[in-house]
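A.B. asks:
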Amino acid sequence: MKRSLLLVALLCGLSSPVAQADERTDAEFDRLMDEINNFSERQLWKGVEKSYEELLALNGVEVPFEAHMAAAQSARSVGDMGACLSRLLRAQSLQRTEELDSWIMEINQTYGRVQLVVTPPRSVEMTPAQMPFAPDQRLAVELAQKSLREDGVFIGMLPVGDYNIAGREFEVTQGVGTQIELSAKELRNEKKKKGKAAPAE
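Using the numbering used here, you'd call the opening residue of the sequence shown number 581 and step up by one each time.
1. Cα separation between residue 649 and residue 686?
2. Under the three-state reduction of DSSP, which class applies to residue 739: helix, strand or coil?
3. Kindly list the residues whose CB is nearer than 6 Å to the CB of residue 703, restricted to its own chain and excluding five residues on each side of it in sequence; keep chain order.
4. Beta-carbon within less than 8 Å of residue 760's beta-carbon, same chain only, minus the 5 sequence neighbours each way: which residues are those?
5. For the candidate residues 717, 631, 754 and 731, whose alpha-carbon lies nearest to that of residue 660?
6. Determine, using beta carbons only, whether residue 663 and residue 671 come nearer to each other than 7 Å.
7. With residue 738 and residue 752 assumed to form a contact (beta carbons below 8 Å), what rounded beta-carbon distance in angstroms separates them?
8. For residue 629, does the three-state DSSP call read helix, strand or coil?
9. Pairs of beta-carbons, one from the region 704 to 724 and one from the region 672 to 680, closer than 8 Å: are there three or more?
10. In its own chain, which residues sit with a C-beta less than 8 Å from the C-beta of residue 605, not counting the 5 before and 5 after it?
11. List the whole-angstrom C-beta distance separating residue 636 from residue 643, where the pair is believed to meet the contact cut-off of C-beta under 8 Å.
12. Tell me which residues share the same chain as residue 608 and place their Cβ nearer than 7 Å to its Cβ, disregarding the 5 neighbours each side in the sequence.
13. Where do the N-terminal and C-terminal ends of the alpha helix (DSSP H) with residue 645 fall, by residue?
14. Relative to the alpha-carbon of residue 740, which residue among 615, 689 and 653 has its alpha-carbon at the smallest distance?
15. Any idea what DSSP makes of residue 715, helix, strand or coil?
16. Quick one: Cα of residue 684 to Cα of residue 665, how far?
17. Just the Cα atoms here: how many angstroms apart are residue 631 and residue 743?
18. Give the secondary structure of residue 608 by DSSP, where H, G and I count as helix, E and B as strand, and everything else as coil.
19. So residue 755 is in the alpha helix (DSSP H); what residue range does that whole segment cover?
20. If you draw a straight line from the alpha carbon of residue 633 to that of residue 611, how long is it in whole angstroms?
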């Protein structure tokens with residue numbers, strides 16, 4: 581009898597670390613999904629973002645359709661349409677709906693991918709020829725402007741249209757990546773050109 585009890589205890593001891601790890605992962609998954617659903621319902625997008633990133637970091641877990649969709653809404657709320665599209669595509673790989681397909685098509689038709697870099701990093705201004713009226717598009721422009729002012733870099737998506745960065749004009753078109761890199765010397769040259777083009781008073 582004692583030998584049987586000892587054998588059972590030994591077997592339980594050998595298997596418990598894996599079982600406990602799985603239980604902890606399952607519990608953490610449930611907690612994060614509850615947070616994402618609750619934050620999403622209340623439109624607390626910062627909370628959604630934090631919980632979604634933690635969910636992605638869980639090992640051996642398949643992130644469900646609902647989490648990707650909530651995270652796409654979170655990205656859109658701050659104008660990060662590159663992240664929004666990426667998350668929508670993850671959701672689409674799990675489940676296709678008419679609403680989801682329509683949203684992805686709309687982004688691809690309305691936005692273009694850009695990579696804007698100023699070297700060395702410095703505060704620069706980027707302005708659209710015409711500021712968009714749609715809230716999502718305005719947020720996307722404002723996000724790019726903030727990133728360029730603070731870091732000198734923006735990699736993401738902008739609404740289709742004409743723009744100016746530190747005197748350099750460029751166009752964002754759908755389906756075509758746009759890359760602009762400006763050095764300190766080029767910035768000085770752009771300012772000189774702008775100064776020469778200005779009418780004399």
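Yeah, the Cβ is synthetic: ideal placement off N, Cα and C, and Gly gets one too.
C.D. replies: From the atom records:
1. For the purposes of this step, residue 649 is taken as the residue at position 69 of the sequence shown. For the purposes of this step, residue 686 is taken as the residue at position 106 of the sequence shown. Taking the straight line from one Cα to the other gives about 16 Å.
2. Numbered from its first residue, the sequence shown carries residue 739 at position 159. Here residue 739 sits in strand by DSSP.
3. Taking the first residue of the sequence shown as 1, we reach residue 703 at position 123. Closer than 6 Å at Cβ, skipping near neighbours: 729.
4. Numbered from its first residue, the sequence shown carries residue 760 at position 180. Correct list, in chain order: 694, 695, 696, 697, 745, 748 and 750.
5. Residue 660 sits at position 80 when you count from the first residue of the sequence shown. With distances taken between Cα atoms, residue 660 lies closest to 717.
6. Numbered from its first residue, the sequence shown carries residue 663 at position 83. Numbered from its first residue, the sequence shown carries residue 671 at position 91. Not a contact, by the Cβ cut-off of 7 Å.
7. Locating residue 738 in the sequence shown gives position 158, where the first residue counts as 1. Locating residue 752 in the sequence shown gives position 172, where the first residue counts as 1. Between residue 752 and residue 738 the Cβ distance is about 5 Å, and since that is below 8 Å, they are a contact.
8. For the purposes of this step, residue 629 is taken as the residue at position 49 of the sequence shown. If DSSP states are grouped into helix, strand and coil, residue 629 belongs with the helices.
9. no
10. Taking the first residue of the sequence shown as 1, we reach residue 605 at position 25. Taken in chain order, the residues that qualify are 638, 639, 640 and 641.
11. Translated into positions along the sequence shown, residue 636 becomes position 56. Translated into positions along the sequence shown, residue 643 becomes position 63. Right, their Cβ atoms sit about 6 Å apart.
12. Here residue 608 refers to the residue found at position 28 when the sequence shown is read from its first residue. Here the set comprises 638.
13. Locating residue 645 in the sequence shown gives position 65, counting from the first residue. Residue 645 -> alpha helix (DSSP H) spans 645 to 657.
14. By one-based count along the sequence shown, residue 740 stands at place 160. The option with the nearest alpha carbon to residue 740 is 689.
15. Residue numbering aside, residue 715 sits at position 135 when the sequence shown is read from its first letter. Correct three-state label for residue 715: helix.
16. Mapped onto the sequence shown, residue 684 falls at position 104. Mapped onto the sequence shown, residue 665 falls at position 85. Those two C-alpha atoms are separated by around 7 Å.
17. Indexing the sequence shown from 1 puts residue 631 at position 51. Indexing the sequence shown from 1 puts residue 743 at position 163. Spanning the two alpha carbons is a distance of roughly 35 Å.
18. Residue 608 sits at position 28 when you count from the first residue of the sequence shown. Helix.
19. Here residue 755 refers to the residue found at position 175 when the sequence shown is read from its first residue. Here residue 755 belongs to no alpha helix (DSSP H), and DSSP marks it neither H nor E.
20. What you label residue 633 is simply residue 53 of the sequence shown in a count that begins at 1. What you label residue 611 is simply residue 31 of the sequence shown in a count that begins at 1. Taking the straight line from one Cα to the other gives about 13 Å.
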